[in-house]
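Engineer:
Number of protein chains: 2
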Amino acid sequence: MLTVNKLAKQGEVPTHVVRYYVRIGLLQPVGQQENGYRLFASQDVARLRFIRMAKHLGFTLNEIKQIICNADKGESPCDDVRSIIRHRLVENSIKIEEMIALQRRMEGALEHWESIPNGIPDGDSICRLIESFEDSAVQ
Amino acid sequence: MLTVNKLAKQGEVPTHVVRYYVRIGLLQPVGQQENGYRLFASQDVARLRFIRMAKHLGFTLNEIKQIICNADKGESPCDDVRSIIRHRLVENSIKIEEMIALQRRMEGALEHWESIPNGIPDGDSICRLIESFEDSAVQ
DNA sequence: ACTTGACCTGTGCGTAACGCACAGGTTTTA
DNA sequence: TAAAACCTGTGCGTTACGCACAGGTCAAGT
Chain X
682 MLTVNKLAKQ
692 GEVPTHVVRY
702 YVRIGLLQPV
712 GQQENGYRLF
722 ASQDVARLRF
732 IRMAKHLGFT
742 LNEIKQIICN
752 ADKGESPCDD
762 VRSIIRHRLV
772 ENSIKIEEMI
782 ALQRRMEGAL
792 EHWESIPNGI
802 PDGDSICRLI
812 ESFEDSAVQ
Chain H
682 MLTVNKLAKQ
692 GEVPTHVVRY
702 YVRIGLLQPV
712 GQQENGYRLF
722 ASQDVARLRF
732 IRMAKHLGFT
742 LNEIKQIICN
752 ADKGESPCDD
762 VRSIIRHRLV
772 ENSIKIEEMI
782 ALQRRMEGAL
792 EHWESIPNGI
802 PDGDSICRLI
812 ESFEDSAVQ
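The listed protein sequences derive, respectively, from chains X and H.
Residue numbering for the first sequence follows the working numbering, starting at 682 and increasing by one per position.
Residue numbering for the second sequence follows the working numbering, starting at 682 and increasing by one per position.
#1: Which residue's Cα is closest to the Cα of H:Glu855: H:Gly706, H:Gly739, H:Arg785, H:Asn799?
#2: Less than 8 Å between the beta carbons of X:Leu720 and X:Gln709, yes or no?
#3: Got a sec, what are the start and stop residues for the alpha helix (DSSP H) H:Val694 sits in?
#4: Could you confirm whether any beta carbon from chain H is found closer than 8 Å to the beta carbon of X:Lys746?
#5: Could you check what DSSP says for X:Phe678 in three-state terms: helix, strand or coil?
#6: If contacts are defined as beta-carbon pairs under 8 Å, then X:Glu812 and H:Met780 qualify, I think. What distance do you get, rounded to the angstrom?
#7: Check the Cβ-Cβ distances between H:Ile777 and every residue of chain X, and say whether any is below 8 Å.
#8: By DSSP, does X:Leu770 sit in helix, in strand, or in coil?
#9: Based on Cα-Cα distance, which residue from X:Asp753, X:Thr741, X:Gly692 lies nearest to H:Pro802?
#10: Using 8 Å as the cut-off, can you tell me whether the region 746-763 of chain X makes contact with the region 755-769 of chain H, which would need three or more C-beta pairs spanning the two stretches below that distance?
#11: With burial defined as no fewer than 16 other Cβ atoms inside 10 Å of the residue's Cβ, what is the status of H:Ala651: buried or exposed?
#12: Roughly how many whole angstroms lie between the Cα atoms of H:Asp725 and X:Glu792?
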């Protein structure tokens, strides 16, 4: 029987993460002390480690919850696991491309801005630096 | 004078984005119709376009709010603008590296999993595919 | 025995930038 | 005049926590 603090230490996560996982039903205490403190089974340490591993591989907490639920019902989650990662791989590469494009825009902006002096805003303009990208950069 | 719908169309954003910007104080209606519908000044179209531009360059809505506030007070936001982007550039490149590392982990996992058959969960194990990364992949 | 201080507890709210559902109001069409 | 299409503001949900709060617990010191 472990308290939140002990479970968190053995699972190598901060305590508020354990509490959050309880809140979303990813961990379930097996009982309570008289003072209301939650108590966990020692196999929840393995569960917590499993969660960390899956997160590290790109699974969301919701997906991890589904995987654990299926496992608890005796169903093999392996096919789902494979297909989730295949999807995530595609999503992720799109996001990476977007972020690289953003990176290029920011670099271009900084370079471009070296030739522009600071301006004082007037009624027409908010910030000339940003507005100077009107034509070139949007969409 | 523009309603939410008209402003959204002219600014080329969905209506719920306009409403959200009102909610966080990034846009302020100049008044209301008798029925409670918000009314905006026509220069809010330019403001909305400015917001889109700044977002496209990597500014958060909070930063944009600060920039606009300073501009309204007549202060030049240019120095802040430059330094925000310099920071964002560093943050972003770190995130990109992390996502590339995740990408590699996912690719490695899929490849590795081709040699592993589906397993049925038992008491000891939740999903052998994920658990097979225990030693190699965490941290 | 008592008090101080450090540590721990659960709960509730905040984050970023929307997306969506709801119940109702308005405008257009038939 | 009625029905259908469209629009309105508000409130809640999203992800994965971080932080603040008011109070409970435990070891050390006196």
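Every residue gets a Cβ at the ideal spot worked out from N, C-alpha and C, and that includes glycine.
Owing to the predicted nature of the structure, the values given are computational and were not obtained by experimental measurement.
Structural biologist: The structure says:
#1: What is shown of chain H runs 682 to 820, which leaves residue 855 of chain H out entirely.
#2: no
#3: DSSP places H:Val694 in no alpha helix (DSSP H); its state is neither H nor E.
#4: no
#5: This structure leaves residue 678 of chain X out entirely; chain X is present only between 682 and 820.
#6: That belief does not hold up - the Cβ atoms of X:Glu812 and H:Met780 are roughly 31 Å apart, past 8 Å.
#7: At least one chain X Cβ lies under 8 Å of H:Ile777.
#8: helix
#9: X:Asp753
#10: no
#11: Coverage of chain H is limited to positions 682 through 820, which leaves residue 651 of chain H absent and any answer about it impossible.
#12: 29 Å
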